[in-house]
Amino acid sequence: MKSIRLERVSKSYDGELIIDNLNLEIKAGDFFALLGPSGCGKTTVLRLIAGLETVDAGRIFLGDQEITHVPIHERKINTVFQQYALFPHLTVFENVAYSLRVRKMAAETINARVAEVLKMVRLSGFEGKYPRSLSGGQQQRVALARALVAEPEVLLLDEPLAALDLKLKEEMLTELNQLQDKLKTTFVYVTHDQFEALTVSDQMAIMNPQGDIEQQGTPKQIYEFPVSRFVANFVGNTNIIEGRLHISDRDYQVEVEGLGMFSVYTPTEKLWMIPGCRLLMSVRPEKVLISKKPREGFSNSLQGKVVDIIYYGRSTQYRVRLKNGQNLIVFEQNEEHFPQESIDWDDEVHVHFQKENVVLLEH
Amino acid sequence: MKKALRAIFTQESSFVFSCPAVLWQFVFLYMPFAVLALYSVIDFNEVTGRYFLTAFYYREIFTSLYIQIIFRSFLLAAITAAVCFLIAYPVAYFLALKGSKRFKTFLLFSLIFPSWTSLIVQVYAWFFLLEKNGFISWFLQWTHIISPSFHLLNNYFTIVLGMVSCFLPFMILPIYAVLEKMDKRFLEASADLGADRFETFRRVVFPMSLPGVYAGIMLVFIPSFGEFAIPTLLGGSKYVFWGSVIVDKFLRSRSWRLGAALAIIGIMLPILLMCCVYLGRAIRERYRQRQSKEYTEYLNANKDLWG
């Protein structure tokens with residue numbers, strides 16, 4: 006268990022700058038998720054840490070030791086590859102034993118360690134099987150066992166669940182979480198799936214398409230308090246409303262064209278928050294209440310017309326057209342079999358949300 | 112109509128489509144082979160005017176020099192395959208894993224290019240290069256590496272040289288194909304798990320390329336076993352091999368029955384070898400199973416590992 010630190014790292018392929026001056030710190034023992042859209046360079050970051058690529062500039066540290074120029078096979082870092090890359094000519098046992106055989110360990114030790122790690126991933130009894138005869142989930146677990154058997158300081162996971170179906174994915178996420186709790190190894194998990202990242206990690210970082218890290222923090226911090234429009238949109242769903250800021254005596258209000266004034270709140274004042282500036286309000290759909298009759302006790306209430314309803318089972322999504330023509334998305338939990346009031350297409354509705362649930366973003 | 116078409120394309124009727132090929136094989140391979148086999152065991156008694164079964168020609172082969180000739184050919188084919196393998200593997204490895212794309216295409220082309228000309232022409236080219244007034248002989252004499260009385264032709268080394276130069280592409284191409292197709296992520300995974308280049312080669316690249324190596328050995332060994340033009344042209348009359356003996360029996364001395372018996376034995380030898388390989392694999396598989404059984408027993412003995 007060691008930390009990873011990237012200092013001013015740059016990397017380009019064929020003259021195209023993928024990673025530019027990146028700083029990233031991953032604490033020892035964290036389950037860290039690196040989340041970003043496809044092609045943003047997050048896999049490159051992982052490959053740089055693993056040693057599969059060399060940096061053009063900058064330094065990489067494992068704990069206190071600089072590993073920028075340590076060759077890949079001497080780094081105490083192992084990777085679970087995206088398509089697992091299990092050796093097809095070796096049995097499950099030999100696949101898992103690979104790193105121990107390479108280190109010329111005694112047969113006794115190898116037997117014991119392989120048995121232990123296979124038990125940990127619940128694959129005891131599969132030793133003699135070949136990878137091709139295993140299911141996707143089992144292959145995934147062999148890849149995990151193979152990477153963990155050498156007891157790495159850091160485990161890198163490159164979209165490890167991308168090839169699995171949803172149900173299996175959820176199972177594996179829980180298993181990964183439990184495994185990391187037990188081992189305390191630093192896990193670095195790269196994914197483009199915000200659901201995986203939110204579920205599994207202690208700490209996460211959001212990478213934008215330019216390869217810069219926009220925000221780093223706990224999943225809750227990132228979901229509840231995104232710092233930019235990109236983060237708010239990429240992690241979860243959100244409604245973005247454009248407006249102009251008014252400040253009167255520590256009371257923040259946003260004026261939106263065609264909708265009037267909104268009461269808003271910000272826990273921390275930012276430098277850009279000056280009266281009259283243009284800004285964005287982000288409101289999560291599940292923080293908005295929808296009803297046919299007006300309700301009391303909300304900081305902000307609006308009227309609109311339902312234009313679209315999608316039934317998801319545990320929740321229903323409404324799309325409400327506001328007076329200024331903008332659509333507002335609302336999630337409603339389906340708590341009861343027969344709700345008090347059923348909302349239908351083209352119904353005139355009221356939507357409400359509290360000012361604490363509005364996140365102000367720089368325009 | 113559609114249904115009928117679909118029925119034709121189902122697996123059960125797929126034999127309809129394989130019929131022409133099977134028929135071809137039957138008429139032009141198995142039937143002549145059967146005739147050959149019959150010829151080798153049936154003789155004609157001129158006194159009684161009757162045909163009779165005999166093992167005479169086989170006895171003749173096993174009690175004379177002929178069997179030695181067959182083994183000598185076998186050895187030559189084995190040496191050719193081995194030398195081809197030793198040269199071809201590094202070439203294929205370099206082509207598949209190291210060379211730049213444009214360079215690769217050029218090298219592959221120059222490898223295959225000689226095979227466009229007939230084998231006989233290639234051998235004659237070697238013949239004219241190596242003969243006493245040939246360019247290579249002249250050059251080596253001129254640089255005083257060999258004395259004027261030294262002959263480059265008509266020795267074992269020259270035969271192997273000719274064989275290797277003709278059959279090398281058949282070893283390189285299948286190995287190259289396998290290495291080229293190999294997913295480079297296996298190399299990354301191996302390095303990631305702590306293996307240096309040599310260990311990666313030993314444990315991943317080479318074992319995964321074995322199908323190509325086997326194919327290459329087959330492609331080189333079998334034709335060089337029956338090859339007669341190269342040994343005859345480059346080895347002169349000093350070296351007699353299986354292929355040239357058969358040619359001689361059929362075309363010159365007209366003892367077709369002896370030639371047929373020689374052919375049958377020669378064909379059986381590689382088949383026997385293949386059987387040995389399969390047997391060896393089966394034994395290895397059984398050994399592996401025993402090993403994994405031992406491992407299971409080890410686990411049972413150390414129950415605490417299971418918790």
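Top to bottom, those sequences are chains G and F. Per the working numbering, the first sequence starts with residue 6, numbered consecutively. Per the working numbering, the second sequence starts with residue 112, numbered consecutively. For glycine and all other residues, C-beta sits at the position ideal for the given N, C-alpha and C.
As DSSP reads the structure, K310 of chain G sits in a beta bridge with G:R326 and G:E353. Residue-level contact check: L197 of chain F does not touch chain G, since none of the beta carbons of chain G fall below 8 Å from its beta carbon. For E310 of chain F, the C-beta contacts it makes with chain G under 7 Å involve V107, in order along the chain. Cα atoms of I231 of chain F and C195 of chain F: separation of roughly 19 Å, rounded to the nearest angstrom. Under the 10 Å beta carbon count, W353 of chain F is surrounded by 16 or more other beta carbons and is classified as buried.
According to the DSSP assignment, F336 of chain G belongs to no alpha helix (DSSP H) but to the beta strand (DSSP E) extending over N332 to Q338. In the pairwise beta carbon analysis, the stretch 247 to 261 of chain G is classified as not touching the stretch 216 to 225 of chain G: fewer than three pairs are separated by under 8 Å. A straight-line Cα-Cα distance of about 12 Å links Y325 of chain F and I283 of chain F. Only F98, Y103, S104, R106, V107, R108, N116, A117, A120, E121 and K124 from the stretch 97 to 124 of chain G bring a Cβ to less than 8 Å from some Cβ of chain F. Interface annotation, R401 of chain F: not in contact with chain G, CB-CB separation never under 8 Å.
Taking a C-beta distance under 8 Å as the contact criterion, L162 of chain G and E201 of chain G do not qualify as a contact pair.
Secondary structure note for E21 of chain G: its beta strand (DSSP E) is the uninterrupted segment E21 to I31. The Cβ atoms of R296 of chain F and Q144 of chain G do not sit closer than 8 Å to each other. V311 of chain G sits close to I348 of chain G, with the two beta carbons spaced by under 8 Å. Every beta strand (DSSP E) stretch that sits fully inside the stretch 38 to 111 of chain G and reaches 3 residues is listed by chain position as 62 to 67 and 82 to 85. In the structure shown, the three-state DSSP call for K295 of chain F is coil.
Interface criterion met: the Cβ of H78 of chain G is under 8 Å from a Cβ in chain F. Of the residues F:L383, F:G346, F:L279 and F:I247, the one whose Cα lies closest to the Cα of T191 of chain F is F:L279. Collapsing the DSSP output to three states places F230 of chain G in coil. Counting the other CB atoms within 10 Å of its CB gives S248 of chain F a total of 16 or more, which places it among the buried residues. Those residues of the stretch 191 to 205 of chain G placed with their C-beta closer than 7 Å to a C-beta in chain F do not exist. When DSSP states are grouped into helix, strand and coil, K174 of chain G belongs to the helix group. Contacts between T84 of chain G and chain F, judged by CB atoms closer than 7 Å, involve D303 in chain order. Within a 10 Å sphere around the beta-carbon of Q185 of chain G sit 16 or more other beta-carbons, which makes this residue buried. In this structure, the beta-carbon distance from A193 of chain F to I286 of chain F does not fall below 8 Å.
Not flagged as an interface residue toward chain F: F131 of chain G, since no C-beta distance is shorter than 8 Å. Distance check between A62 of chain G and each of G:N28, G:D35 and G:S15 places G:S15 closest, using alpha-carbon atoms only. Rounded to the nearest whole angstrom, the C-alpha separation of S151 of chain F and E338 of chain F is 21 Å. Counting of Cβ neighbours within 10 angstroms places G41 of chain G among the buried residues, the total reaching 16 or more.
Between A210 of chain G and chain F, the shortest Cβ-Cβ separation is not below 8 Å.
The stretch 364 to 380 of chain F makes contact with the stretch 169 to 179 of chain F, as at least three CB pairs between them are under 8 Å. Listed along chain G, no residue sits closer than 9 Å to F317 of chain F by beta-carbon distance, the nearest being about 10 Å off. Between V101 of chain G and V75 of chain G, the C-beta spacing is not below 8 Å. Per DSSP, G265 of chain G is one residue of the beta strand (DSSP E) stretching across G265 to V269. With at least 16 other beta carbons inside 10 angstroms of its own, S335 of chain F counts as buried. Residue state for S138 of chain G is assigned as helix, using DSSP reduced to three classes.
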